[in-house]
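Below: one structure, written as structure tokens.
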Amino acid sequence: MNELLDILKYILPSLVVFVAVYFVLISFLENDSKKRIMEIKLANQKTITPIRLQAYERIVLFLERISPNNLILRVSRKEYNAFQLQSSLIKTIRGEFEHNLSQQLYISTPAWEIVKKTKEDIIKLINTAAASVNDDANANELAKKIIEMNFKNNKAIVAPALEFIKKEVSHIF
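Going by my numbering, the first residue of the sequence shown is number 39, and it counts up by one from there.
Right, dumping it as structure tokens:
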């Protein structure tokens, strides 16, 4: 019995030290792992943040480019009739949109939905204006009608989307 007590005198403190060291080591390794994960996230954020900001910039540029006033100035030709202008405007909007499709990876889903809705609203505006003039009418008539309809409510179609994007960028960055 004495021998068992003597063995326990040596083994018990060793076990206590082993258990204490084990838990300290596990805690240290977990903290080190968390620290490394945090460092990786910070490094990724340093890479992703500029890309996201650039995506928002490109979306703002897209919205400005498809704004009816800017679009008409860029696309309109003297020789166009109303139908040709309508077709050219819609083709340009769709091309610009396709060029910026990849930006949806970097902006929020609500922002992307607003961008898509704005694009569709502008196409709808162009088609509605085109329906109110003759196909063989002068392109200037259609352009005037589009601009009138765009500002009918004292607010451009693109303005709410731009405002939303600006607010979102100010909250994120």
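We put the CB at the ideal spot given by N, CA and C, even for glycine.
Here the structure is a predicted model, which is why all the values come from computation and not from measurement.
Between residue i and residue j, is the Cβ-Cβ spacing less than 7 Å?
i, j, result
"Q141", "R96", "yes"
"A169", "I203", "no"
"Y144", "R74", "no"
"L123", "A175", "no"
"P121", "D159", "According to the sequence as given, residue 121 is Phe; it is not Pro. Not a contact, by the Cβ cut-off of 7 Å."
"E151", "R103", "no"
"T87", "V113", "no"
"L111", "I164", "no"
Quick one: residues in its chain with C-beta nearer than 7 Å to the C-beta of residue i, no 5 flanking neighbours on either side, listed in chain order?
i, result
"A167", "L180, K183, I184, M187"
"V207", "Y94"
"T156", "L101, I195, V196, A199"
"F211", "L91"
"S146", "E206"
"V98", "L200, I203"
"I161", "I128, I131"
Which same chain residues end up closer than 6 Å to residue i when comparing Cβ atoms and leaving out the 5 residues on each side of it in sequence?
i, result
"L101", "V196, A199, L200"
Taking 7 Å as the threshold (beta carbon to beta carbon), is residue i in contact with chain D?
i, result
"I75", "No chain D is part of this structure, which consists of one protein chain only."
Considering only residues of the same chain and omitting the five flanking positions on each side of residue i, which have a CB-CB separation below 8 Å?
i, result
"N119", "D173, D174, A175, N176, A177"
> For the segment 155 to 199, which segments carrying the beta strand (DSSP E) assignment without a break, of at least 3 residues, lie completely within its bounds, in sequence order?
Replying inline: none
> Could you give the uninterrupted runs of the beta strand (DSSP E) lying entirely in the segment 82 to 127, keeping only those of 3 residues or more?
Replying inline: none
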